[in-house]
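Peer 1:
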Amino acid sequence: MVRVRFAPSPTGKLHLGGLRTALYDYAYAKNQGGKFILRIEDTDQTRFVEGATENLINSLKMMGLDFDEGPTFQSQRLDIYKKYALQLIEQGDAYYCFCTQKELDLARQRQKELKLPTKYPETCRNLPQEEVEKNLAQGLPYVIRLAMPKDKDFVIFDKVRGKVKIDSSLLDDQVILKSDGFPTYHLAAVVDDHLMEISHVIRGEEWLYSTPKHIHLYDCLGWKPPIWVHLPLILNENKAKLSKRDGDFSVGAYLEKGYLPQAIINFVALLGWNPKNEQEIFDLQYLCDKFSFKAVNKAGAVFDERKLEWMNGQYIRKMDLQELADLLKKYFIEAEIDISDEQKYLKVIDVAKDYLVLLPQVVPHSKMFYQELEFTDEDLALLHAQESQAVFGYYLENLPNCEDYEQFVKTASAELGIKGKAYFFPLRLALFGNSSGPNIPILLDILGKEESKKRLEKVML
Ligand code: GLU
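With positions in the sequence shown counted from 1, the corresponding number in our numbering is that position plus 34.
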């Protein structure tokens with residue numbers, strides 16, 4: 035049975051990188067008829083951010099990624115991790131370390147000066163048993179470290195990267211239990227992945243170099259490791275790892291900017307995976323149907339916000355009109371525009387939607403249907419031109435009797451003998467405030483006869 039977990043640490047809001055991991059977890063679980071599990075890795079008390087857990091859960095829900103199990107909170111399982119840490123000590127695979135922060139800092143500094151890799155110097159690795167017991171009896175603060183083997187070659191079989199060898203001389207004796215009694219990520223993740231029967235560990239590439247430590251923990255505990263899947267980095271436009279310095283990449287920030295959840299999902303799905311066909315616009319179901327690790331790239335995926343904008347526009351135009359109109363209402367309320375004429379409002383949205391990239395842009399693209407127009411001197415020159423005035427005069431006289439705007443606009447042009455730009459530009463300017471934009475019959479239909487007349491009267495000399 036496929037069981038995958040999304041295991042964020044509540045150190046901040048869910049960002050698009052985290053969302054990608056969750057999305058691939060979800061897609062793989064659904065593709066395989068497996069389970070998608072949420073685990074909150076809240077064992078680092080120093081990095082805990084108030085409200086982060088709620089943000090993570092809400093963001094997943096808003097994106098439609100419902101989990102089948104969880105959330106499980108690691109902070110509620112401290113006894114379990116401690117039990118395994120002690121078992122590892124008992125077996126000789128881990129040891130108590132009593133080094134103070136000062137001693138560690140000094141050792142680090144010395145290594146730096148000698149241009150050596152900075153690693154724990156293994157001071158406590160072979161402490162005599164009596165000394166350990168004496169220190170413990172005295173109540174000295176301690177951590178528990180994993181004794182990494184010296185002669186073991188670590189080979190990771192990764193579903194995306196293939197076979198990866200890691201030089202064991204680079205590996206530190208990792209802390210697995212901290213002095214506050216909390217486990218570190220490494221121990222807690224391995225214990226939970228085992229106890230929760232996780233079949234595939236899917237996570238960012240930045241964890242690849244921790245994997246040997248995890249493999250070693252599995253070996254020491256006599257457990258079978260899961261299948262490893264390390265996802266490619268997400269890069270900024272300069273091909274460097276996308277970071278907080280590049281902006282706020284939280285899911286919340288993108289929703290706030292006016293991106294639709296469906297567009298975000300579609301865009302994020304393509305950061306490292308593609309359906310191996312031309313299709314770029316697809317929904318969550320399609321992703322779940324098609325998803326496989328074979329189609330996940332090794333190379334970093336470049337984050338291109340222009341593409342997300344384009345997608346958002348596509349989704350806006352595909353949306354059901356009533357649904358879109360409802361979604362956009364809040365922007366009009368914020369701008370204090372009265373949209374109580376529901377019929378008119380729907381027509382306005384139907385026209386404005388073609389111009390939108392982000393949802394809040396709806397206001398600048400439709401307020402002209404609700405507010406009095408203002409004209410520049412250049413506008414007035416066009417509006418007051420003789421031909422323009424002739425067109426407006428004709429309209430004011432005949433519009434009240436017209437039934438079919440389409441036909442009326444054509445007939446008027448023929449009868450006046452004015453066509454093309456000379457005909458459409460001043461009309462559009464008078465009715466809409468801009469010489470380019472929607473077709474005249476559409477404008478007349480939205481504004482209605484009364485309002486159209488009012489607008490034309492206003493520009494008559
Ligand atoms: N808690 C880790 C994180 O925040 C999870 C890494 C993993 O999935 O193993 O990224």
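Beta carbons: idealized from backbone N, C-alpha and C, even for Gly.
1) Any chance you could list the beta strand (DSSP E) runs of at least 3 consecutive residues sitting entirely within the region 236-266, in chain order?
2) Measure the CB-CB distance between Pro-151 and Leu-204 and report whether it falls below 8 Å.
3) Using only alpha-carbon positions, find the residue among Ala-119, Glu-124, Gln-110 and Arg-73 that is nearest to Asp-102.
4) Here's a check: name, in chain order, each residue in its chain whose Cβ is nearer than 8 Å to the Cβ of Tyr-118, leaving out the five neighbours to either side.
5) Suppose you measure from the CA of Arg-37 to the CA of Phe-327; what does that come to, to the nearest Å?
6) Does Arg-73 come out as helix, strand or coil in the three-state DSSP assignment?
7) Is Tyr-58 near the ligand GLU, in the sense that its beta carbon is under 7 Å from a heavy atom of that ligand?
8) Between His-228 and Tyr-62, is the Cβ-Cβ spacing less than 8 Å?
9) Beta strand (DSSP E) containing Phe-40: first to last residue?
10) Can you tell which of Leu-481, Thr-45 and Ile-249 has the C-alpha that lies nearest to the C-alpha of Glu-75?
11) Pull up the distance between the alpha-carbon of Leu-478 and that of Leu-465, whole angstroms please.
12) For the beta strand (DSSP E) containing Pro-105, name the first residue and the last one.
13) Under a three-way DSSP split, which group does Cys-322 fall into?
14) For Gly-238 and Ser-469, I'd like the C-alpha separation in whole angstroms.
15) So, are the CB atoms of Asp-206 and Tyr-252 less than 8 Å apart?
16) Any idea which residues DSSP pairs Ile-190 with across the strands?
17) How is the beta strand (DSSP E) around Ala-128 delimited, first residue to last?
18) Below 8 Å on the Cβ atoms is my guess for Leu-99 versus Leu-57; work out the distance and round it to an integer in Å.
19) Please indicate yes or no: does the CB of Val-235 lie closer than 7 Å to some heavy atom of the ligand GLU?
20) Tell me Lys-275's beta-bridge partners as DSSP assigns them.
21) What three-state label does DSSP hand Pro-44 in the structure shown?
22) Among the candidates Leu-450, Met-97 and Phe-458, whose CA atom is the shortest distance from the CA of Ala-303?
23) Please determine whether the Cβ atom of Pro-217 lies at a distance below 7 Å from any heavy atom of the ligand GLU.
24) Just to confirm my understanding: we take Asn-169, look at its own chain, exclude 5 residues before and 5 after, and list those with CB closer than 6 Å. What are they?
25) Got a sec, what are the start and stop residues for the beta strand (DSSP E) Leu-211 sits in?
26) Is Pro-42 near the ligand GLU, in the sense that its beta carbon is under 7 Å from a heavy atom of that ligand?
27) Would DSSP call Pro-162 helix, strand or coil?
28) Under the three-state reduction of DSSP, which class applies to Pro-475: helix, strand or coil?
29) When every heavy atom of the ligand GLU is checked, does at least one fall within less than 7 Å of the C-beta of Ala-223?
30) Would you mind working out which of Phe-426, His-248, Gly-104 and Phe-283 sits nearest Val-209, comparing C-alpha positions?
31) Taking C-alpha atoms, which residue in Ile-350, Arg-39 and Pro-266 lies nearest to Asp-192?
32) For the structure I just gave you, are there three or more beta carbon pairs, one from the region 382-392 and one from the region 427-441, closer than 8 Å?
33) Confirm, please, whether the CB-CB distance from Phe-403 to Leu-481 is below 8 Å.
34) Classify Pro-217 as helix, strand or coil using the three-state DSSP reduction.
35) Leaving out the 5 sequence neighbours to the left and right, which residues in its chain are closer than 7 Å to Val-263 when beta-carbon positions are compared?
Peer 2: Here's the rundown:
1) 261-265
2) yes
3) Arg-73
4) Leu-221, Val-225 and Leu-255
5) 15 Å
6) strand
7) no
8) no
9) 37-40
10) Thr-45
11) 8 Å
12) 103-107
13) helix
14) 51 Å
15) no
16) Val-198
17) 128-131
18) 7 Å
19) yes
20) Leu-269
21) coil
22) Met-97
23) no
24) Phe-132
25) 209-211
26) yes
27) coil
28) helix
29) yes
30) His-248
31) Pro-266
32) no
33) yes
34) strand
35) Asp-192, Lys-193, Val-194, His-234, Val-235, Ile-236 and Phe-327
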